[in-house]
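Asks:
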Amino acid sequence: MDSVSEAGGGGATEGTAEGSSGGGGSSAAAAPPSRYESQKRRDWNTFLQYLKNHKPPLCLARCSGAHVIEFLKYLDQFGKTKVHGSGCPYFGHPNPPAPCPCPLKQAWGSLDALIGRLRAAYEENGGRPESNPFAARAVRIYLREVREAQAKARGIPYEKKKRKRPAPPPDPQLPSETTTSTAADGDHHPETTAAAADDDPTAAPPPSTTATSTTALSTMHP
Numbered sequence: 120m121d122s123v124s125e126a127g128g129g130g131a132t133e134g135t136a137e138g139s140s141g142g143g144g145s146s147a148a149a150a151p152p153s154r155y156e157s158q159k160r161r162d163w164n165t166f167l168q169y170l171k172n173h174k175p176p177l178c179l180a181r182c183s184g185a186h187v188i189e190f191l192k193y194l195d196q197f198g199k200t201k202v203h204g205s206g207c208p209y210f211g212h213p214n215p216p217a218p219c220p221c222p223l224k225q226a227w228g229s230l231d232a233l234i235g236r237l238r239a240a241y242e243e244n245g246g247r248p249e250s251n252p253f254a255a256r257a258v259r260i261y262l263r264e265v266r267e268a269q270a271k272a273r274g275i276p277y278e279k280k281k282r283k284r285p286a287p288p289p290d291p292q293l294p295s296e297t298t299t300s301t302a303a304d305g306d307h308h309p310e311t312t313a314a315a316a317d318d319d320p321t322a323a324p325p326p327s328t329t330a331t332s333t334t335a336l337s338t339m340h341p
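The numbering used here applies: residue 120 is where the sequence shown begins, and numbers increase by one.
Shown next as C-alpha cells:
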C-alpha cells in the first residue's frame with residue numbers, strides 16, 4: 120500500500136513533534152496513540168499543509184469536494200502503484216513481464232482509506248458532518264472511477280466482500296406440530312395392542328357358550 124503521509128513533508132513531522140512535546144508529564148503517563156490515530160493525525164496535518172501551500176491559499180471553511188479531489192490527484196506523484204495506460208502493451212496484465220514507462224500513482228485502496236481517516240479527522244476538529252468535504256458525493260464518484268480504471272489497467276478486479284447472512288430462527292410452530300403428531304400416534308397404540316392380542320396364538324381362548332347352555336338344560340330337566 121502506498122504511503123500517503125510522505126506527501127506531508129515537514130508539516131506532518133512538525134505537528135507530531137509539537138504534539139509529543141506539548142503534553143508534558145501527563146502525556147508520558149497516558150497510553151500512546153494507536154497506529155490508526157497516529158496515521159490520521161499525520162494525514163490531517165498533510166492536508167492542512169496542502170491548503171496552506173495552495174495557490175491561492177485555501178482555508179478549511181471554504182474547502183469543497185472539488186478541492187479534496189485536487190488533493191488526491193496531487194498525491195499521485197508520491198504513489199508507488201504502476202497503472203498502465205490504454206496504449207501500453209501491458210494494459211490489463213496483472214503481472215507484466217517487463218518494465219514500462221507508465222506512471223506510478225496512488226492505489227485506490229490507499230486513497231479510500233485516506234478519505235475515511237480525513238472524514239473522521241474533519242469532524243473531530245470541529246467540522247460539521249453536513250459540510251464535510253470528504254463525504255461529498257463528488258469524492259465518492261471520483262473514488263469509484265479510480266477503482267474501476269485501475270481494475271481495468273492492472274487486470275485486478277476489486278470484489279466486494281459478501282456479508283454472511285445470519286441463520287433464520289427456528290419456526291416456533293414446529294415443536295407443537297411434532298407434539299401433536301406424537302400424541303396422534305399414541306392414540307393408535309391401544310388398537311395396535313388389541314390387534315396383536317387377537318393374532319397371538321398363545322392368548323387364552325374365550326369361554327365356551329355351548330357348555331354353559333348344556334349345563335343349564337340338564338339342571339331344568341332331570
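Heads up, the beta-carbon is just placed ideally off N, CA and C, and yes, glycines get one too.
Should alanine 257 go down as buried or exposed, given a rule of 16 or more other Cβ atoms within 10 Å for buried?
Replies: Numbered from its first residue, the sequence shown carries residue 257 at position 138. Exposed.
Asks: Taking a contact to mean a Cβ-Cβ separation below 7 Å, would you say phenylalanine 261 touches isoleucine 188 in this structure?
Replies: Position 142 of the sequence shown, counted from the start, is the residue given in the question as residue 261. Position 69 of the sequence shown, counted from the start, is the residue given in the question as residue 188. Looking at the sequence provided, one finds tyrosine at residue 261 rather than phenylalanine. Closer than 7 Å, so yes.
Asks: Once you ignore the five residues that flank arginine 236 on each side, which residues in its own chain have a CB closer than 6 Å to its CB?
Replies: Position 117 of the sequence shown, counted from the start, is the residue given in the question as residue 236. Only Lys159, Asp162 meet the Cβ criterion.
Asks: Would you mind stating whether leucine 233 and glycine 198 have Cβ atoms separated by less than 7 Å?
Replies: Position 114 of the sequence shown holds residue 233. Position 79 of the sequence shown holds residue 198. No, they are not a contact pair.
Asks: Which same chain residues, not among the five before or five after phenylalanine 253, have their C-beta less than 7 Å away from its C-beta?
Replies: The residue you call residue 253 lines up with position 134 of the sequence shown. Around phenylalanine 253: Val187, Ile234, Leu237, Arg238, Tyr241.
Asks: Determine the DSSP secondary structure at leucine 177, reduced to helix, strand or coil.
Replies: Taking the first residue of the sequence shown as position 1, residue 177 is located at position 58. Correct three-state label for leucine 177: coil.
Asks: For alanine 268 and valine 202, I'd like the C-alpha separation in whole angstroms.
Replies: The residue you call residue 268 lines up with position 149 of the sequence shown. The residue you call residue 202 lines up with position 83 of the sequence shown. Between alanine 268 and valine 202, the C-alpha separation is close to 9 Å.
Asks: The alpha helix (DSSP H) that contains phenylalanine 190, what's its start and end?
Replies: Taking the sequence shown and counting its residues from 1, one reaches residue 190 at position 71. Its alpha helix (DSSP H) spans residues 184-193.
Asks: Quick test of your reading: leucine 179 and leucine 170, contact by CB under 8 Å. State the CB separation rounded to the nearest angstrom.
Replies: Numbered from its first residue, the sequence shown carries residue 179 at position 60. Numbered from its first residue, the sequence shown carries residue 170 at position 51. Indeed they touch by this definition, with Cβ atoms about 6 Å apart.
Asks: Just mark glutamine 196 as buried or exposed, buried being the case when its beta carbon has 16 or more other beta carbons within 10 Å.
Replies: Here residue 196 refers to the residue found at position 77 of the sequence shown. Burial call: exposed.
Asks: For lysine 171, does the three-state DSSP call read helix, strand or coil?
Replies: Along the sequence shown, one-based indexing puts residue 171 at 52. Correct three-state label for lysine 171: helix.
Asks: Quick one: grab the DSSP three-state call for lysine 199.
Replies: Translated into the one-based positions of the sequence shown, residue 199 becomes position 80. Here lysine 199 sits in coil by DSSP.
Asks: Compute the Euclidean distance between the alpha carbons of arginine 266 and glutamine 225, then round it to the nearest angstrom.
Replies: Sequence index remark: in the sequence shown, residue 266 carries index 147 (1-based). Sequence index remark: in the sequence shown, residue 225 carries index 106 (1-based). Rounded to the nearest angstrom, the two C-alpha atoms are 11 Å apart.
Asks: How long is the line joining the alpha carbons of alanine 255 and glycine 246, rounded to whole angstroms?
Replies: Mapped onto the sequence shown, residue 255 falls at position 136. Mapped onto the sequence shown, residue 246 falls at position 127. Computed Cα separation, rounded: 14 Å.
Asks: By how many angstroms is the C-alpha of serine 205 removed from the C-alpha of leucine 167?
Replies: As a position in the sequence shown, residue 167 is number 48, starting the count at 1. As a position in the sequence shown, residue 205 is number 86, starting the count at 1. So the alpha carbons of these two residues sit roughly 35 Å apart.
Asks: Express the C-alpha separation of asparagine 164 and proline 213 in angstroms, rounding to a whole number.
Replies: Here residue 213 corresponds to residue number 94 of the sequence shown, with the count starting at 1. Here residue 164 corresponds to residue number 45 of the sequence shown, with the count starting at 1. So the two alpha carbons sit approximately 35 Å from each other.
Asks: What is the rounded straight-line gap between the Cα of tyrosine 209 and the Cα of alanine 185?
Replies: Sequence index remark: in the sequence shown, residue 209 carries index 90 (1-based). Sequence index remark: in the sequence shown, residue 185 carries index 66 (1-based). Rounded to whole angstroms, tyrosine 209 to alanine 185 spans 32 Å at the Cα level.
Asks: Which value, in whole angstroms, describes the spacing of the CA atoms of alanine 272 and glycine 211?
Replies: Position 153 of the sequence shown, counted from the first residue, corresponds to residue 272. Position 92 of the sequence shown, counted from the first residue, corresponds to residue 211. So the two alpha carbons sit approximately 5 Å from each other.
Asks: Residues in the same chain with beta-carbon distance under 8 Å from glycine 142, minus the five sequence neighbours each way, listed in chain order, please.
Replies: Here residue 142 refers to the residue found at position 23 when the sequence shown is read from its first residue. Residue confidence is low: glycine 142 scores 48 on pLDDT, short of 50, so the model does not pin down where it sits. Its coordinate-derived value is still stated next. Ala149.
Asks: Output the boundary residues of the alpha helix (DSSP H) element that contains glutamine 269.
Replies: Along the sequence shown, read from residue 1 onward, the residue named residue 269 stands at position 150. 256-273 is the extent of the alpha helix (DSSP H) around glutamine 269.
Asks: What does a CB cutoff of less than 8 Å around tyrosine 155 pick up in its chain, not counting 5 residues either side in sequence?
Replies: Counted from its first residue, the sequence shown places residue 155 at position 36. For tyrosine 155, where only same-chain residues beyond five positions count, the Cβ hits under 8 Å are Arg236.
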